[in-house]
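Per the working numbering, residue 69 is the first one in the sequence shown, and the count goes up by one each step.
We put the CB at the ideal spot given by N, CA and C, even for glycine.
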Amino acid sequence: MNRSHCNYRLNCKILFCLSGGDDSRYTFIGSDDLRKYKVAADFILQGWHHTKEHHYNDTLNFTFSTTDSSCLVKAFSVSQIAGAYCDAGQNYKNLIGLTKNLSMSFTEHVVSGCPPSNPIFN
Numbered sequence: 069m070n071r072s073h074c075n076y077r078l079n080c081k082i083l084f085c086l087s088g089g090d091d092s093r094y095t096f097i098g099s100d101d102l103r104k105y106k107v108a109a110d111f112i113l114q115g116w117h118h119t120k121e122h123h124y125n126d127t128l129n130f131t132f133s134t135t136d137s138s139c140l141v142k143a144f145s146v147s148q149i150a151g152a153y154c155d156a157g158q159n160y161k162n163l164i165g166l167t168k169n170l171s172m173s174f175t176e177h178v179v180s181g182c183p184p185s186n187p188i189f190n
């Protein structure tokens, strides 16, 4: 797959989703071309998601790279308040809502998140 075409196409789709998204609470912040730094990603893009219930902003980050046969997007969401530890899945919801609106196939890989609940406190 052509590297420039792949990254451009994905950037456009995610930018479109960050212009409101399915719930009108996504905002595009900025992006940068990382190719000059010779790092694993070609581009980085950032946005916010404004949560519905308590009106917090969570930051979403996306990196774009190309393998021999496909485009690879890595994404993560970070809550902007310290009290969001174990956020009942809000950061997951931030990403999955946007990802599903891309209308592209994807594979989920959970890299980190809240630990399992402690039965002592249930």
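Reference residue i, options the options, closest by Cα
i, options, result
"Phe-130", "Ala-109, Ser-138, Ser-92 and Ser-87", "Ala-109"
"Ser-92", "Asn-169, Thr-135 and Ser-99", "Asn-169"
"Asn-161", "His-117, Leu-83 and Gly-88", "Correcting the residue identity first, residue 161 is Lys in this sequence and not Asn. Here the closest residue by C-alpha is His-117."
Within 8 Å, strictly: CB atoms of residue i and residue j
i, j, result
"Gln-148", "Thr-127", "yes"
Inter-residue Cα distance where the pair is residue i and residue j
i, j, result
"Ser-180", "Ser-173", "22 Å"
"Leu-113", "Leu-163", "13 Å"
"Ser-133", "Tyr-153", "30 Å"
"Tyr-105", "Lys-120", "37 Å"
"Arg-103", "Val-141", "15 Å"
Cβ shell of residue i (< 7 Å), same chain only, five flanking positions each side left out
i, result
"Gly-115", "Leu-86, Tyr-94, Thr-95, Phe-96, Ile-97 and Leu-128"
Exposure label - residue i; buried when at least 16 CB within 10 Å
i, result
"Leu-166", "buried"
"Asp-155", "buried"
"His-122", "exposed"
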